[in-house]
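Asks: Residue numbers (our numbering): 1 to 493.
Glycine residues also receive a C-beta, built at the ideal position from the N, C-alpha and C atoms.
This structure is a prediction, so every number in the text was calculated from the model and none was measured.
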Amino acid sequence: MGIVIRQSIVNAAITYFGIGLGFVLTIFLYPHILDPDQYGLTRVLISAALISSQFAHLGFHNLILRYFPFFKKAYPEGHGLLFWAFIIPFSGFLVFALLFFLLDDLFISVYSERSPLFADFYLWVLPLTLFVLYFEVLNNYLRSLRDAVSGSFVNEVFQRVLVIALLLLYLFGLMSFSQFIGLFVLSYGLQPVFLTIQIARQGGLDLKPRFDILRKKLLKGMASYSLFSLLGGLTTVMVWNVDVLMLGAMTDLESTAVYAIAFYIGSVIAVPQRSVEKIAGPLISEFIKSKKWDEVAILYKKTSLNQLIPGIFIFGLIWINLELLFQFLPDIYSSGRWVVFIIGLAKLIEVGTGANGIILLNSSHYRVSFYSNVLLVLLTIAANYLLIPTYGIEGAAMASAFAIFVYNSVKSIYILLNIGIQPLTGAAMTALAIGFFLIFILDATGPWIGDSVWFRAIAQSVLFTLFFAAPVLLFRLSEDLNNLVAKFFRTFM
Numbered sequence: 001m002g003i004v005i006r007q008s009i010v011n012a013a014i015t016y017f018g019i020g021l022g023f024v025l026t027i028f029l030y031p032h033i034l035d036p037d038q039y040g041l042t043r044v045l046i047s048a049a050l051i052s053s054q055f056a057h058l059g060f061h062n063l064i065l066r067y068f069p070f071f072k073k074a075y076p077e078g079h080g081l082l083f084w085a086f087i088i089p090f091s092g093f094l095v096f097a098l099l100f101f102l103l104d105d106l107f108i109s110v111y112s113e114r115s116p117l118f119a120d121f122y123l124w125v126l127p128l129t130l131f132v133l134y135f136e137v138l139n140n141y142l143r144s145l146r147d148a149v150s151g152s153f154v155n156e157v158f159q160r161v162l163v164i165a166l167l168l169l170y171l172f173g174l175m176s177f178s179q180f181i182g183l184f185v186l187s188y189g190l191q192p193v194f195l196t197i198q199i200a201r202q203g204g205l206d207l208k209p210r211f212d213i214l215r216k217k218l219l220k221g222m223a224s225y226s227l228f229s230l231l232g233g234l235t236t237v238m239v240w241n242v243d244v245l246m247l248g249a250m251t252d253l254e255s256t257a258v259y260a261i262a263f264y265i266g267s268v269i270a271v272p273q274r275s276v277e278k279i280a281g282p283l284i285s286e287f288i289k290s291k292k293w294d295e296v297a298i299l300y301k302k303t304s305l306n307q308l309i310p311g312i313f314i315f316g317l318i319w320i321n322l323e324l325l326f327q328f329l330p331d332i333y334s335s336g337r338w339v340v341f342i343i344g345l346a347k348l349i350e351v352g353t354g355a356n357g358i359i360l361l362n363s364s365h366y367r368v369s370f371y372s373n374v375l376l377v378l379l380t381i382a383a384n385y386l387l388i389p390t391y392g393i394e395g396a397a398m399a400s401a402f403a404i405f406v407y408n409s410v411k412s413i414y415i416l417l418n419i420g421i422q423p424l425t426g427a428a429m430t431a432l433a434i435g436f437f438l439i440f441i442l443d444a445t446g447p448w449i450g451d452s453v454w455f456r457a458i459a460q461s462v463l464f465t466l467f468f469a470a471p472v473l474l475f476r477l478s479e480d481l482n483n484l485v486a487k488f489f490r491t492f493m
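#1: Taking C-alpha atoms, which residue in ILE265, VAL296, ALA401, ALA486 lies nearest to GLY281?
#2: Check whether the region 30-37 and the region 256-264 are in contact - that is, three or more C-beta pairs closer than 8 Å.
#3: Measuring CB atoms only, is the region 377-391 touching the region 219-228, in the sense that at least three cross pairs come out at less than 8 Å?
#4: Would you kindly report the start and end of the unbroken alpha helix (DSSP H) that includes PRO310?
#5: Return helix, strand or coil for GLN198, following the three-state DSSP convention.
#6: Quick check on ILE526: does DSSP put it in helix, strand or coil?
#7: Buried or exposed: where does GLU113 fall if 16 or more other Cβ atoms within 10 Å of its Cβ makes it buried?
#8: Check MET1 in the structure and name its three-state DSSP category.
#9: I need the straight-line Cα distance from MET1 to VAL472, nearest angstrom please.
#10: How about LEU245 and ALA48: do their beta carbons lie closer than 8 Å?
#11: Using the Cα positions of PHE370 and PHE228, report the straight-line distance between them to the nearest angstrom.
#12: Please name the residue in SER187, LEU94, ARG143 whose C-alpha comes closest to that of VAL163.
#13: Can you tell me whether LYS208 is helix, strand or coil according to DSSP?
#14: Who are the Cβ neighbours of PHE326 in its own chain at under 6 Å, not counting the five residues just before and after it?
#15: For PRO127, I'd like the list of residues in its chain whose CB is within less than 8 Å of its CB, leaving aside the five on either flank, ordered along the chain.
#16: Would you kindly report the start and end of the unbroken alpha helix (DSSP H) that includes TRP124?
#17: Can you name, in chain order, every residue of its own chain whose Cβ lies under 7 Å from the Cβ of VAL132, other than the five neighbours on each side?
#18: Look at LEU463 and LEU477 and say whether their C-beta atoms are less than 8 Å apart.
#19: Does LEU417 pass the burial test, meaning 16 or more other C-beta atoms within 10 Å, or should it be called exposed?
#20: Relative to the alpha-carbon of GLY316, which residue among ASP252, PRO192, THR465, PRO389 has its alpha-carbon at the smallest distance?
#21: When you compare the CB positions of VAL377 and VAL239, do they come within less than 8 Å of one another, or not?
#22: Could you spell out the range, first to last residue, of the alpha helix (DSSP H) harbouring ASP105?
#23: Do you know how far the Cα of ASN483 is from the Cα of PHE437?
#24: According to the Cβ coordinates, are THR380 and ALA399 closer than 8 Å?
#25: State the Cα-Cα distance for the pair ILE434 and PHE468, rounded to the nearest angstrom.
#26: Inspect the beta-carbon positions of LEU207 and PHE71 and report whether they are closer than 8 Å.
#27: Going straight from the alpha carbon of LEU167 to that of LEU34, what length do you get?
#28: Taking SER92 as the reference, give the member of LEU230, TYR141, ALA119, LEU171 with the closest Cα.
#29: Which term fits TRP448, buried or exposed, when burial requires 16 or more other beta carbons within 10 angstroms of its beta carbon?
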């Protein structure tokens with residue numbers, strides 16, 4: 001776990017800086033520069049591209065993480081896996097592009113009535129899909145090279161700086177909205193370029209294929225894994241993005257914008273998950289390959305605990321400061337309050353169940369991820385279809401929360417029954433109990449603290465931080481967290 005913690009510090013720093021930039025974008029720029037329907041359009045474009053890219057890369061991005069150790073062991077000096085990482089996903093993209101043009105009339109008919117702006121710009125989904133596709137593939141290749149920082153930087157920081165610049169240019173009238181959308185999409189094309197350069201700098205730009213390694217048994221295993229990875233990944237991303245697409249089709253882009261901002265605020269809770277699991281993934285893959293299940297069990301529990309403690313802490317700070325946060329936004333966005341709460345709870349469930357998806361995808365049980373995902377997508381689409389007309393954006397949030405709960409419950413129960421390991425510990429439950437107790441007390445006593453929103457937010461934040469951190473550190477709920485705090489004080493104090 002030491003390498004996970006050390007590298008996750010850098011990742012966390014980049015990620016949290018990116019969160020800061022994302023906060024500036026989401027709270028201060030997007031809602032004040034773009035109209036709600038214009039901002040909603042950017043969210044629908046990205047969601048459509050994320051779903052489409054999962055189909056187009058043919059499951060190869062996950063295959064890289066699973067089979068890179070094998071290729072490297074067989075040919076340490078040059079195995080040519082990167083060649084296939086370029087060729088195979090591009091073949092999938094060509095198939096997707098053909099289907100895209102065949103079904104373009106359907107896209108227009110679904111969105112033209114309630115979200116006509118998307119019908120005007122839907123063609124931008126195609127290049128955006130290509131850019132997202134190669135970012136995911138090349139980022140996983142870099143992760144296999146033990147570089148989890150470059151992908152985080154280009155996605156969390158570099159991309160957001162570019163969008164901030166584009167928004168400012170649009171604000172000052174230096175481009176039209178059509179030009180903004182074009183450059184917004186093209187900015188994502190710089191991500192795979194950046195990662196390719198980084199791979200070359202690390203000496204990993206090996207584009208000469210080794211056909212002798214591709215034996216029939218290996219190819220059969222890779223094809224089977226890619227198929228299930230493709231379908232599993234597609235269903236997973238659909239769960240995360242189908243709510244935005246269905247809101248755009250069943251309500252309007254303004255509601256989609258409100259939901260997207262509220263969802264973003266609630267999703268900040270999952271930041272620890274993103275920084276820890278980026279490093280834990282390759283380690284779990286190696287441990288499973290070496291059949292070191294005791295090490296996998298330790299990582300499973302630690303990824304859960306070390307994500308859940310900061311997760312409940314962030315959830316508490318968000319809920320305490322939500323009234324203040326909405327004062328920075330146009331009035332229309334305050335209607336997303338309960339979306340934040342529902343998505344926040346769902347994210348806590350997700351981070352609390354640890355690296356269950358990584359374990360399944362890298363084990364012989366990877367097919368289970370696919371089967372559970374298919375069921376999950378059907379439930380998610382049905383839930384959104386039933387709840388959005390009645391409850392609007394809260395309905396979409398409830399559908400997402402339901403999907404997250406079912407998805408992680410099925411995977412965790414299967415791992416427990418078939419592998420014999422589970423993520424939760426007494427320390428994790430204690431942290432949850434402390435966090436929710438403090439949130440309840442501070443929320444109930446908030447009006448007594450003062451009438452000023454600023455004073456109340458600051459006072460409650462300080463109280464929550466002190467009374468949450470003290471027992472967590474005093475009772476040493478997480479040895480890794482205590483070691484990090486001790487190291488911080490030795491270094492800077």
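Replies: Inspection of the coordinates gives the following:
#1: Walking along the sequence shown from the start, residue 281 turns up at place 281. Looking at the Cα atoms, VAL296 is the closest of the given residues.
#2: yes
#3: By the C-beta criterion, the region 377-391 is judged not to be in contact with the region 219-228, since fewer than 3 inter-stretch pairs fall below 8 Å.
#4: One-based indexing of the sequence shown puts residue 310 at position 310. Run containing PRO310: 293-320, per the alpha helix (DSSP H) assignment.
#5: Along the sequence shown, one-based indexing puts residue 198 at 198. Residue state, collapsed to three classes: helix.
#6: Here the chain comprises residues numbered 1 to 493, so residue 526 is not present and cannot be evaluated.
#7: Counted from its first residue, the sequence shown places residue 113 at position 113. So GLU113 ends up on the exposed side.
#8: For the purposes of this step, residue 1 is taken as residue 1 along the sequence shown, with counting starting at 1. With a pLDDT of only 47 at MET1, under 50, the local geometry of the prediction cannot be trusted, and the value read off the model is given with reservation. Here MET1 sits in coil by DSSP.
#9: Counted from its first residue, the sequence shown places residue 1 at position 1. Counted from its first residue, the sequence shown places residue 472 at position 472. Confidence at MET1 is low in this model, with a pLDDT of 47, below 50, so the placement of that residue is unreliable and no value is reported for it.
#10: Reading the sequence shown from its first residue, position 245 is the one you call residue 245. Reading the sequence shown from its first residue, position 48 is the one you call residue 48. Yes, the Cβ-Cβ distance between LEU245 and ALA48 is below 8 Å.
#11: In the sequence shown, residue 370 corresponds to position 370, counting from 1. In the sequence shown, residue 228 corresponds to position 228, counting from 1. Rounded to the nearest angstrom, the gap between the Cα atoms of PHE370 and PHE228 is 6 Å.
#12: Working through the sequence shown from its first residue, we reach residue 163 at position 163. Residue SER187 is the option with its Cα nearest to VAL163.
#13: In the sequence shown, counting from the first residue as 1, residue 208 sits at position 208. DSSP places LYS208 in coil when its eight states are reduced to three.
#14: The residue labelled residue 326 in the question sits at position 326 within the sequence shown. Counting only Cβ-Cβ distances below 6 Å, and skipping sequence neighbours, we find SER334.
#15: For the purposes of this step, residue 127 is taken as the residue at position 127 of the sequence shown. Within the same chain, PRO127 has close Cβ partners VAL185, LEU186, GLY189.
#16: If you number the sequence shown from 1, residue 124 lands on position 124. It is not in any alpha helix (DSSP H) - TRP124 carries neither H nor E in the DSSP assignment.
#17: Locating residue 132 in the sequence shown gives position 132, counting from the first residue. Closer than 7 Å at Cβ, skipping near neighbours: ALA49, LEU50, SER53, TYR188.
#18: Position 463 of the sequence shown, counting from 1, holds the residue named residue 463. Position 477 of the sequence shown, counting from 1, holds the residue named residue 477. Their beta carbons are not under 8 Å apart, which means LEU463 does not touch LEU477 by this criterion.
#19: On the sequence shown, position 417 is the one that residue 417 refers to. Exposed.
#20: As a first step, residue 316 is located in the sequence shown; it is residue number 316 there, counting from the start. Answer by Cα proximity: THR465.
#21: What you label residue 377 is simply residue 377 of the sequence shown in a count that begins at 1. What you label residue 239 is simply residue 239 of the sequence shown in a count that begins at 1. Cβ distance < 8 Å, so VAL377 and VAL239 count as in contact.
#22: As a first step, residue 105 must be located in the sequence shown, where it is residue number 105. Where ASP105 is concerned, the enclosing alpha helix (DSSP H) stretches over 104-111.
#23: In the sequence shown, the residue the question calls residue 437 occupies position 437. In the sequence shown, the residue the question calls residue 483 occupies position 483. Roughly 26 Å separates the two Cα atoms.
#24: In the sequence shown, counting from the first residue as 1, residue 380 sits at position 380. In the sequence shown, counting from the first residue as 1, residue 399 sits at position 399. The Cβ-Cβ distance between THR380 and ALA399 falls below 8 Å.
#25: The residue labelled residue 434 in the question sits at position 434 within the sequence shown. The residue labelled residue 468 in the question sits at position 468 within the sequence shown. Each residue's alpha carbon lies about 7 Å from the other.
#26: Counting from 1 along the sequence shown, the entry for residue 207 is found at position 207. Counting from 1 along the sequence shown, the entry for residue 71 is found at position 71. Their beta carbons are not under 8 Å apart, which means LEU207 does not touch PHE71 by this criterion.
#27: Taking the first residue of the sequence shown as position 1, residue 167 is located at position 167. Taking the first residue of the sequence shown as position 1, residue 34 is located at position 34. Spanning the two alpha carbons is a distance of roughly 8 Å.
#28: Counting from 1 along the sequence shown, the entry for residue 92 is found at position 92. Note on residue identity: the sequence assigns Gly, not Ser, to residue 92. Minimum Cα distance to GLY92 is reached at LEU230.
#29: The residue you call residue 448 lines up with position 448 of the sequence shown. So TRP448 ends up on the exposed side.
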